[in-house]
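Taking it in order: structure first as structure tokens, then the write-up.
There are 8 protein chains.
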Amino acid sequence: MHPDRIREIIKQVKAGKMSVDQAMQALRNLPFEDMGFAVVDHHRQLRSGFPEVIYCEGKSVEQVCAIARRILEQGSDLLATRAGEEMYRSLKSEFPKAVFHKEARIISVKSGKGGLKMRGSIAVVCAGTSDIPVAEEAAVTAEVLGSKVLRNYDVGVAGLHRLLARGQDLLSATVIIVVAGMEGALASVVGGLVDCPVIGVPTSVGYGASFNGLAALLAMLNSCASRVTVVNIDNGFGAGYAASVINRAR
Amino acid sequence: MHPDRIREIIKQVKAGKMSVDQAMQALRNLPFEDMGFAVVDHHRQLRSGFPEVIYCEGKSVEQVCAIARRILEQGSDLLATRAGEEMYRSLKSEFPKAVFHKEARIISVKSGKGGLKMRGSIAVVCAGTSDIPVAEEAAVTAEVLGSKVLRNYDVGVAGLHRLLARGQDLLSATVIIVVAGMEGALASVVGGLVDCPVIGVPTSVGYGASFNGLAALLAMLNSCASRVTVVNIDNGFGAGYAASVINRAR
Amino acid sequence: MHPDRIREIIKQVKAGKMSVDQAMQALRNLPFEDMGFAVVDHHRQLRSGFPEVIYCEGKSVEQVCAIARRILEQGSDLLATRAGEEMYRSLKSEFPKAVFHKEARIISVKSGKGGLKMRGSIAVVCAGTSDIPVAEEAAVTAEVLGSKVLRNYDVGVAGLHRLLARGQDLLSATVIIVVAGMEGALASVVGGLVDCPVIGVPTSVGYGASFNGLAALLAMLNSCASRVTVVNIDNGFGAGYAASVINRAR
Amino acid sequence: MHPDRIREIIKQVKAGKMSVDQAMQALRNLPFEDMGFAVVDHHRQLRSGFPEVIYCEGKSVEQVCAIARRILEQGSDLLATRAGEEMYRSLKSEFPKAVFHKEARIISVKSGKGGLKMRGSIAVVCAGTSDIPVAEEAAVTAEVLGSKVLRNYDVGVAGLHRLLARGQDLLSATVIIVVAGMEGALASVVGGLVDCPVIGVPTSVGYGASFNGLAALLAMLNSCASRVTVVNIDNGFGAGYAASVINRAR
Amino acid sequence: MHPDRIREIIKQVKAGKMSVDQAMQALRNLPFEDMGFAVVDHHRQLRSGFPEVIYCEGKSVEQVCAIARRILEQGSDLLATRAGEEMYRSLKSEFPKAVFHKEARIISVKSGKGGLKMRGSIAVVCAGTSDIPVAEEAAVTAEVLGSKVLRNYDVGVAGLHRLLARGQDLLSATVIIVVAGMEGALASVVGGLVDCPVIGVPTSVGYGASFNGLAALLAMLNSCASRVTVVNIDNGFGAGYAASVINRAR
Amino acid sequence: MHPDRIREIIKQVKAGKMSVDQAMQALRNLPFEDMGFAVVDHHRQLRSGFPEVIYCEGKSVEQVCAIARRILEQGSDLLATRAGEEMYRSLKSEFPKAVFHKEARIISVKSGKGGLKMRGSIAVVCAGTSDIPVAEEAAVTAEVLGSKVLRNYDVGVAGLHRLLARGQDLLSATVIIVVAGMEGALASVVGGLVDCPVIGVPTSVGYGASFNGLAALLAMLNSCASRVTVVNIDNGFGAGYAASVINRAR
Amino acid sequence: MHPDRIREIIKQVKAGKMSVDQAMQALRNLPFEDMGFAVVDHHRQLRSGFPEVIYCEGKSVEQVCAIARRILEQGSDLLATRAGEEMYRSLKSEFPKAVFHKEARIISVKSGKGGLKMRGSIAVVCAGTSDIPVAEEAAVTAEVLGSKVLRNYDVGVAGLHRLLARGQDLLSATVIIVVAGMEGALASVVGGLVDCPVIGVPTSVGYGASFNGLAALLAMLNSCASRVTVVNIDNGFGAGYAASVINRAR
Amino acid sequence: MHPDRIREIIKQVKAGKMSVDQAMQALRNLPFEDMGFAVVDHHRQLRSGFPEVIYCEGKSVEQVCAIARRILEQGSDLLATRAGEEMYRSLKSEFPKAVFHKEARIISVKSGKGGLKMRGSIAVVCAGTSDIPVAEEAAVTAEVLGSKVLRNYDVGVAGLHRLLARGQDLLSATVIIVVAGMEGALASVVGGLVDCPVIGVPTSVGYGASFNGLAALLAMLNSCASRVTVVNIDNGFGAGYAASVINRAR
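If you read the protein sequences in the order shown, they are chains A, B, C, D, E, F, G and H.
Count along the first sequence from 1, add 32, and you get the number used in my numbering.
Count along the second sequence from 1, add 32, and you get the number used in my numbering.
Count along the third sequence from 1, add 32, and you get the number used in my numbering.
Count along the fourth sequence from 1, add 32, and you get the number used in my numbering.
Count along the fifth sequence from 1, add 32, and you get the number used in my numbering.
Count along the sixth sequence from 1, add 32, and you get the number used in my numbering.
Count along the seventh sequence from 1, add 32, and you get the number used in my numbering.
Count along the eighth sequence from 1, add 32, and you get the number used in my numbering.
Structural data, given as structure tokens:
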């Protein structure tokens, strides 16, 4: 379209139907985004592999369905996070391919087209059973985006032997996502054992001086293991997404 | 004196030199502390073993010397924390027995009397070399108060094997003091490996989102290892003192 | 098992059924924890006396029951904290020995085997009636873990004479747990009266600038009584556990 | 003057030298404060007893001297807080009556006129020797404003008997100022012992989780003793001033 | 009793039935509070005028009724704060004199005995209609404790003329309580207009960066009007109580 | 009235019906606000164009109706913010001209009189669909106060081309309101593209380390685009009001 | 240039020297900013009136001089903020037109070309003498950007009559900048008196619970006067700049 | 060695020189780390490519030299961060290959052995000139660890066209490091333009409500661009290290 419109202007100049000044004026008034080849190309490239994402929290079922319809009509895959049962039932009735990942609170709709090529697998590690919903959000996100995921749950630092037993998984992963609340120490401990990128996800699991995840967040940001980078509290999706970006073959 | 004064009153009643009402009046007007047998006894008992402590920060050399003189004249041992070279030289010139523990910034003066009986040894563990001054404050405090101390420095969680190699020391201690800045994860990891009390000392080592030790403090308060209790940021003295209290035989 | 497995490998080498290289390979691949004698021994030792603990908050009745079943089948005692009536009824129907400590929100199941040997009693002191649930969590934890507990409730610093009247209990305890919200001053006052370890538990009791227990937490961390160490806000269980560890005879 | 000016306008109207409209216009344009009888009266009343105050921090010696000159020329007393030696020497050379209260960092210049009538004495209590500068700022302020001051220093809650020994002073005071850093518990303890107003002054004395006085501030704001009100951290002057206002006979 | 017990001991010494050493031993073991004449006297003195107070939040109807019964049986007046309708109905059925101050959420029960003598009236000023519940808590507290109260509501600083119109009330009061949320500026403005003590009560009224009253709290603590002291956020009761203490004639 | 009353006094002086002293006394006693010409004029001027505003949160339907009645009886327009359906139905039944702006949660009642003259249009830009309620509060406020509003929603910085496409609207506006939660970056980006005043409204949209809008608030306060000023979190009304004040022709 | 380059491409197409596809390719590869007519135009427009700004803090004298040289060579005016004496001397030696506004810490270099047309004057109001440097930064910025500035310093809310006396200035201004530290109440008070836009600048003046300006910042963000918008703590420049943008005639 | 020691034990068993029980005992007593094949292997593997790192802050020149000597003797490369001139001169005199990257405050010593294989280049983008030291720390770290680095400095969001002009570099990178202080918006804007991993480094550049980098940190953690992960404030080294780990070919 926009490239076409530019081409049309140039053609009209060539055909003598438009003066140079008129062409300049027309080009000058084109909205910025019409010139945004790189951006558009890049978006197209992304869409060919990664699904579009809807963050459902604070949106009504109707709003989510409307956005989903628009995305799916374009042939894109869909990933809806922070979704509930009711949202799933509504989407399912319209899009039979919709799948509900209950613990991860994610609804995915895959078009069936092949995904992007990945470099290896992503390990998702979490400290306690209460961290599992966030860990699952990360794991399912990574799976829907095309990666193989290795789950290693309930391996908190207070029972170090449980973690050390997972060495195989940890050492074989291309990226590791560490999900932990309370004191968030797991990210540093894992970061000291492996040689791949580690993404820390602090969770709001805890009480009192955990200040809804602040303790774990600060701990991970201050990790003495330099390979650890951090996402927002409870942001399993973000970790799964960033890990997938790292895991993509280029 | 005070007990003597009460005894004197009672004696005078017995001797008929004072009426019951006069005795009641005299007793009623005694300041509270004069009645404070338990407190006084308890203080005396403490002093018989534990030295008196001066926190030097914000005090002039003259002030510290004056307080030290008063304490030492009573035959008590002395422990002066957060002390510098100059303070040491002044004390040393007056009290030749004064010893300067430079890295711990502690001056101690021991009377030579035997100390309290202790149950076992205290292990002091720290994460990085920058944590050593605080660790030394804890270690020297514990030593001056009468405990044997096992130092295990530079065993941060990013190199877990270094910590695991100290298992012997950790498992043999009666109390363990864990000193760590940055993410403070070491307290939880140690707490998960041992079966004795663990006292966490967060340090202000770090930068940015360590917020001068807040990150380590919150991490330790949220430790998933239930045996961990915590003292103030950089409070090596407090940890050494509390550990000594735990280590005392009763 | 694991020691047996290592022994098996060595025996096979001895018997010539396995080459040195094969043995090296086998040993190399053993998961870390299989080598973890100390850890395993220590865990066994702990389990012989202290019950296993389930933190119920955020877990479903089904999840708690499943974990409880696994623990109790191993002959271990059980302590379930932050538990409600419904959870109790479910556990009770399956494990008739289950006891509900309502105010402490704790369910305990004792196997009847003798516990660990303790050094003395634990005093639990709290400032106001609103602090009692947290104090009870500490007290019941300590009792289930085997200590005699001396309860001294509603002795806040604004009525100092009430506290001073409990001198006997306080001076006789091996460890004292001080539970206080609002300004948390009680920990310092008690810490100044006694000569045993004091564990402060700040509570979220208060409003406005108590910031859900932050005021009490900071107060206790800054206590001028050096024998005070601190656990997380409302962490009665942690205090009861740490006090029990201190109170254990070794 | 201003009332005179209004009277002049009215007189001119009466004398027929000014029309009603001209008078309305003149009155309408009078700056607000010219109408502010109450405010002006009240200010005059205040000045007749309470000296004017200069907060010196961040002001140059020249600026302070200039302001001091303006105040003293009006016959008012002067109180300059947060002042240093150099500032004193400059003021002294110009105003020989200037007195330097070194520890309080206050310079006062009294005109010699009688002060306001006070109801009783003000007790100033502080927890540690490091709190003395702030306590002195409060005490000297109260003295310069006309109250008798009873100093009770170094009576922290960790040695309760020292505080209880001061009962006489505390019970006889009309207002008590409690100055304390670290955990700030002293305000609550004193507030529970007496029946007069108590003003708490948190100080920045402490380190780590005292967060420059935040711990003491929060503690005092959450005091369980309802008679305690609070001023800013290190604001000895404010406490001395507010106590003087309470102590004034009306 | 306790004085009697001491008298008994002295009598026995006098009668020769007890040796001096035995008397010393007996006295030595008396609990502290038994000697606490001053404290007890002071408490009695307080109770003769000021009612006892129950903070109802977090207490059950049964608990409140039980405490109320104990207090009222001693002939004391009663003030129950943060109380609801249901609590009132229960108390009313047992104590017909109970009065419910709905907006202040206070239940009072007066014995009919004369109260303490007061010096003057207390003005309660608030900024917005949403601050009225806290203002009423302060006002009713002051009234029940015996002061005349002058209410001046909805006089926020954004409409300064409304405040200035209340000058009469403000200038005549012995103490002024300023209740304000949001930016809390009213305390400073009032503090600059009057010459009596001002107690600021920050409220949690506001949203966003009011951080539940923190903005108003900090503003009041930093007031440029030196006569302002501050109580906890939403602590209308505390302000009313402290103002009454200031207003008491001595 | 008030000016009339002053005029009356002056006239009576002129007419000899009142002495100068009586006039002085009468003037002296006029409440402050009666002298407040500027204030009153200014209020009248404001009311002639800008409607009165009721903040409904925390007020009962009855309270809001009563205030609305008083305002509307004076012929003023009305703007009720943070209003719900029920409030609307009550107002509508009494004032048929009431209009409910549902998404903005605003009820407006216009008298039909012409509004103030405005300089140009106000653009309202928001980052995500969850920010729309706050954006609508700003937009409807600006519209009711008389400005033309250009809405540009869902143009967050993660899809910069969407924002750049709105260049026309942004460059033509007299004031721009930028509404954004999460990282709040949109204010800086818009501020760097335009040359008119930009008002940033941080929203509480987000989770975890957004800390209810704190992240967006801090980001906007630190904007590198100097033309950005900021209002409270979620304060769409304040932004709409301030923008209207800027947009007013003078 | 860039427009010229586009024109060149179009001309070559017209002249038949370039095919449509070649032209498309050439246009497609132009960097974004080359297409940025609006941006460029807008920047040029800005530069024609407003000087370029250098924030000197953290830059060396050499760096500032180099940037200044580049700006001044383009014929633009210059405004260097947070500048010291030494920086001034260096600039002065190279650019004799440089002027140093010492209290504002601003260096300005004006080209002598006429500035932008302004709508009216800007009033700068500040609370205390310590706020003057920030107020001057705002005032000088506004003056250098072309506005007439009305300074009203030292009119804090504790002496309300001083502020009210400045009514004339305040009511005549097009924009008012209110600079205040401590409790920052002045912004609300001024905002309630006037009918033009008010920009609040919290300052770091204060101590203790002012938390380096946080108290004033929160107060201003929560202002009950809806016309108040806020800039960063101590950001006098930002306020002066934003006020100038509002004051510009369009 | 350790594997050799195990091999030795097994050999001796095979040779009949050691009984199975003796072998079991020997293995049981091996320190944990001796068993740590994976860890050791992994460390060796790391060391073969990545240099060892010394964080110099808080270490003396002597300490750094001693550690450096130990590292370099093992043939490893060296990276010393937060280093000053004096430290460089000392290292240089002993290790002539030492290179000082002044702006990055990094000293590197390369052994000359080939480094690890990398996947592509790392782009380092920063917002302002004051962010350059942190950006350089990231860039030099990445270079010393073996990556090609593309520097794009001073491209803050307030001049979006400057950023968009760097599209080529950004789109070609394998990882992008975004360094920004103040509002930290750059991370989100870059994250929305590219399709590779983005690591955000908040800096402490700013003042007032930047709270030493907190504003930028929170902004980046709340980024609406899901590919953004974050490291500690001013942690250029950590970003360079993590980016290198992502960029490593595996």
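Built from N, CA and C at the ideal position, the CB exists for glycine as well.
Model, not experiment: these values are computed from the prediction.
Coarse secondary structure for residue i, derived from DSSP in three states
i: M252 (chain G); result: helix
i: V172 (chain F); result: helix
i: T235 (chain F); result: coil
i: R102 (chain G); result: helix
i: E117 (chain H); result: helix
i: V222 (chain C); result: helix
i: A155 (chain H); result: strand
i: I265 (chain G); result: coil
i: L111 (chain H); result: strand
i: S92 (chain C); result: coil
is_contact[residue i, chain F] using C-beta, thresh 8 Å
i: G270 (chain H); result: no
is_contact[residue i, chain G] using C-beta, thresh 8 Å
i: I42 (chain A); result: yes
Any C-beta of chain D under 8 Å from that of residue i
i: Q77 (chain B); result: Bear in mind that a pLDDT of 38 at Q77 (chain B), under 50, signals an unreliable position, so the model cannot answer this.
i: H34 (chain B); result: With a pLDDT of 43 at H34 (chain B), under the threshold of 50, the modelled position of this residue cannot be trusted; read the value that follows with caution. Chain D, which has no Cβ nearer than 8 Å to the Cβ of H34 (chain B), makes this no.
Cβ-based neighbour list, residue i, same chain, cut-off 6 Å, excluding 5 preceding and 5 following
i: T161 (chain C); result: D186
i: A112 (chain C); result: I86, C88, I139
Interface flag, residue i vs chain H, CB-CB below 8 Å
i: R259 (chain A); result: yes
Chain E within 8 Å of residue i, Cβ atoms only
i: K49 (chain B); result: no
i: G232 (chain C); result: no
Element boundaries [beta strand (DSSP E), containing residue i]
i: K86 (chain G); result: In the sequence under discussion, the amino acid at residue 86 (chain G) is Ile, which differs from the Lys named in the question. Residues 84–87.
i: F132 (chain G); result: 131–133
i: K180 (chain E); result: 180–184
Residue interval of the alpha helix (DSSP H) (run including residue i)
i: S16 (chain F); result: Given a span of 33 to 282 for chain F in the structure shown, any question on residue 16 (chain F) remains unanswerable.
Nonlocal neighbours in the same chain, by C-beta distance under 7 Å from residue i, ignoring five residues either side
i: G107 (chain C); result: S143
Residue-chain proximity (residue i, chain C), Cβ-Cβ < 8 Å
i: E89 (chain D); result: no
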